[in-house]
Amino acid sequence: MDNPSTNILYDGKPDPHPAPIPLRAGPLTMIYENGDLRYLKWGRHEIVRRLYVAIRDRNWNTAVNVLSDVQIESMGDQFRISYRCTNRLADIDLVWQGMLVGTADGTITCTMRGEALSTFQRNRIGFCLLHPSTIAGAKGRITHVNGSTEEHSFPLHIAQQLIVDGIIKPVAPFAEMRAVAHEVVPGVWAEVAFAGEIFEMEDQRNWTDASYKTYGTPLRLPFPVTVVAGTRIEQQVTIRIDDQGTRNTAQQLADVSAPITVAVGQNRSTLPQIGLGVASHGEPLREEEYARLRALNLAHLRVDLHLAEEGHGERLEQATREAQRLEIPLELALHLTDNADRELALLAGNLDIIKPAVARWLIFTNHAKTTTAPWVQLARKHLGAYAPAAPIGAGTNVYFTELNSRRPPVEALDVVAYSINPQVHAFDNSSLVETLAAQATTATSARQFCGDLPLVVSPITLQPRFNPNATGPEPAPPPGELPPQVDPRQLSLFGAGWTLGSIKYLAETGEVASLTYYETSGWRGVMERAQGSPLPEKFPSIPGAVFPLYHVLADVGEFAGGTVIACQSSAPLQVAALLLEKANRRRLLLANFTSQPQQVMLEGMAGTAVIRTLDEQNVLAAMQNPEAFRILKQEQTVALPATVTLRPYGLFRCDLDSYPS
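Right, here's the structure in full:
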């Protein structure tokens, strides 16, 4: 096949992204993007991360917003935007008119008016508003639908959303709301009012979204809900700043155009062990693939064994062969049923024959989304004698929210595990970048209820591996469409940058012992198979090539067993920075998450540095011949401090000879 286009190499999509449109409403700035308002700011203070409309079906799948007849009027410190939106997914057919109006006094009014053209079932329909997680700890003021008002701070650690009778409870007391406000700075409040539904809030950091999400309809009401053809839907959201008459225009419109800087901090932590998952396609690895995987200095290989299913013994044999060739142990994720006693006994017999090296056991069950103590004790009974030094862990095979809602039995465990993916609620590049900081919050929040047990985040994937909340059977993808577990950003520079950001945020917490990313090969892995993509039109990879994220893992893998030193980007949603140290070597890795070049000042660093880039100019060579790329002497030497330029979605490696300790 032909080489992928530059846009595909950027972020897996053939077409360039439309440029976001900046807007102002008096003292508020924001951007408009495909019907949404994003990053509403009062000066430097972000007050709303996003306002959008979501149509969710009975399985919580999202019907895509398709806009037409978009009219935009932007007049200095005010604006008016209108558009028509169509949502179609299976039996869903909904059309609505959107109107976004911003006035010079800082009031923003957003309205949707629609009609169902078909009869369908939905779990959610209408406006969703995201407050940024940066307001954690801020004072909040809630006006309830009964007219009462109460004050409560936004939670610092991820709120435990309790599950009662199968229903997740919202963050107390952010329920039954018609308005919510928070204090931006002393004396200045950002207020949001809602109409047309009853709204409540959940802490979306439970799913690694970096936000507190306000939505309607309340989850206490039964769902799915049948929407009859002809039903009319109307909702409104109003946002305004209450500065109690101070009108500090200089502060409100503060200059936010300062250049991006990266500064070295003081905190140090051990770089977590990093492994990969066994490829889900089931084919054996080739000699060239073994050699490339060894270059990553992996710590383990994860294999999932569903012990009630036929073929799990053969899967264990293949995983054991691969791990032995890579000279690493297995992370064995065991999925049990009602016949767990028999399943574990049979597994123990197979272990004596196959003889895998075991890094750890992770115990899960089809009975619940989190594992309780009896299942762990049963596993310990059958498996403890085979590999006495291997820790036995559990937690959840799905999202952190399950671990947080149903706390793990720490007294029965050696390690606690949960998985991460960034696409539970939103799917665009900006939203995926936002999740990175929230990954760190899951680890620091887990530490609040996991004692001193090691935390294992496994696996970390771009897409959900399955839908744990489906209320009906999941349909097969239509012919010619990618499976829901596959994201074309896996093969892109953006995917590489996202991987770097994930390692950075989880490692810098100092709380995580082990990370498992992706798979070894295939379109969910770190490299493509020799035969190429099964759907090259949708996943246009190069047969036999590595993906750019391979080089991120290789750059980090060269520091396995080393230290992570905290460093701070002044614009973390545009550029991420990861600083590694081992023996006398130090390496700074940067990633540009945007479609625009970014200039970055490296502060507090001295001496000289050897730099190299991975971007549109050399990424094809790096993918097709990674061995040559990694040994090729194409680096440059620069004197520090320095300002460097990252090309669109580019990565930057800087090997330092010194910096302040």
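Note that our numbering gives residue 1623 to position 637 of the sequence shown, counting from 1, and the numbers run on in steps of one.
Ideal placement from N, C-alpha and C gives every residue a C-beta, glycine not left out.
Please read these numbers as outputs of a predicted model, since none were measured by experiment.
Backbone CA spacing between residue i and residue j [nearest angstrom]
| i | j | result |
| --- | --- | --- |
| Leu-1539 | Glu-1101 | 49 Å |
| Asp-1241 | Thr-1015 | Note that Asp-1241 scores a pLDDT of 49, beneath 50, so its modelled location is shaky and nothing firm can be said. |
| Gln-1476 | Ala-1424 | 21 Å |
| Arg-1288 | Gly-1381 | 16 Å |
| Leu-1279 | Leu-1575 | 21 Å |
| Gln-1064 | Glu-1274 | 59 Å |
| Arg-1108 | Val-1050 | 14 Å |
| Phe-1140 | Pro-1270 | 50 Å |
| Glu-1573 | Glu-1567 | As written in the sequence, residue 1573 is Arg, which differs from the Glu given in the question. Approximately 6 Å, taken between the alpha carbons. |
| Thr-1502 | Leu-1492 | 12 Å |
| Val-1081 | Ala-1331 | 56 Å |
| Leu-1282 | Met-1609 | 15 Å |
| Ile-1184 | Gly-1202 | 6 Å |
| Ala-1122 | Leu-995 | 36 Å |
| Tyr-1504 | Gly-1012 | 45 Å |
| Ala-1482 | His-1368 | 40 Å |
| Pro-1394 | Pro-1450 | 22 Å |
| Trp-1028 | Asn-1352 | 48 Å |
| Gly-1518 | Pro-1526 | 9 Å |
| Thr-1072 | Pro-1464 | 20 Å |
| Thr-1358 | Gly-1297 | 26 Å |
| Gln-1686 | Ser-1417 | Given that the chain is displayed from residue 987 to residue 1647, the structure contains no residue 1686 and the question cannot be resolved. |
| Ile-1378 | Ala-1563 | 34 Å |
| Ala-1577 | Leu-1320 | 35 Å |
| Ile-1260 | Leu-1642 | 23 Å |
| Val-1654 | Met-1163 | The chain is shown only over 987 to 1647; residue 1654 falls outside these bounds and no answer can be derived. |
Three-state secondary structure assigned by DSSP to residue i
| i | result |
| --- | --- |
| Arg-1392 | coil |
| Val-1344 | strand |
| Lys-1199 | strand |
| Tyr-996 | helix |
| Ser-1417 | helix |
| Lys-1355 | coil |
| Pro-1459 | coil |
| Asn-1453 | coil |
| Phe-1579 | coil |
| Thr-1447 | coil |
| Gln-1190 | helix |
| Leu-1364 | helix |
| Pro-1612 | helix |
| Val-1586 | strand |
| Phe-1638 | strand |
| Gly-1381 | strand |
| Leu-1566 | strand |
| Val-1214 | coil |
| Ala-1375 | coil |
| Thr-1093 | coil |
| Phe-1106 | strand |
| Ile-1617 | helix |
Spatial neighbours of residue i in its chain, beta-carbon cut-off 6 Å, leaving aside the 5 residues before and after
| i | result |
| --- | --- |
| Leu-1086 | Ile-1067 and Cys-1096 |
| Pro-1002 | Asn-993 |
| Tyr-1385 | Trp-1193 |
| Val-1174 | Asp-1229 |
Beta-carbon gap between residue i and residue j smaller than 9 Å
| i | j | result |
| --- | --- | --- |
| Leu-1322 | Leu-1364 | yes |
| Arg-1639 | Ile-1597 | yes |
| Asn-1390 | Ser-1431 | yes |
| Ser-1060 | Arg-1010 | yes |
| Ala-1179 | Thr-1129 | yes |
| Pro-1342 | Leu-1302 | yes |
| Leu-1148 | Tyr-1198 | no |
| Asp-997 | Ser-1500 | no |
| Val-1561 | Val-1586 | yes |
| Val-1442 | Val-1402 | yes |
| Thr-1387 | Ser-1119 | no |
Cutoff 7 Å; reference residue i; Cβ partners in own chain excluding five residues on either side
| i | result |
| --- | --- |
| Arg-1433 | Glu-1497 |
| Asn-1047 | Leu-1075 |
| Asn-1455 | Trp-1046 |
| Ala-1607 | Phe-1615 |
| Pro-1000 | Ser-991, Asn-993 and Ile-994 |
| Gln-1237 | Residue placement at Gln-1237 cannot be trusted, given a pLDDT of 49 that sits under 50; what the coordinates show is reported in the next sentence. So the list reads Gly-1029, once near-sequence residues are dropped. |
| Tyr-1025 | Met-1016, Ile-1017, Glu-1032 and Arg-1035 |
At 3 residues or longer, what runs of the beta strand (DSSP E) sit wholly inside the stretch 1005-1091? 1007-1011, 1014-1019, 1022-1028, 1031-1043, 1052-1060, 1065-1075 and 1078-1088, all fully within the stretch 1005-1091.
Pick out the complete beta strand (DSSP E) segments inside the stretch 1534-1558, 3 residues or longer, and give them in chain order. Fully enclosed beta strand (DSSP E) runs of 3 or longer: 1549-1555.
Would you mind listing the beta strand (DSSP E) stretches within the stretch 1245-1330 that are 3+ residues and don't spill past its ends, in chain order? Residue ranges of uninterrupted beta strand (DSSP E) with 3 or more members, entirely inside the stretch 1245-1330 and ordered along the chain, are 1246-1256, 1259-1263, 1287-1292 and 1316-1322.
Could you name each continuous beta strand (DSSP E) segment of 3 residues or more that falls completely within the stretch 1110-1187, going from the start of the chain to the end? Those beta strand (DSSP E) runs which fall completely within the stretch 1110-1187 and span 3+ residues are 1125-1130, 1135-1139, 1163-1171 and 1174-1181.
Of all the alpha helix (DSSP H) runs that stay within the bounds of the stretch 1468-1511, which reach a length of 4 or more residues? Positions of the alpha helix (DSSP H) runs, each at least 4 residues long and wholly inside the stretch 1468-1511, are given as 1479-1494 in order along the chain.
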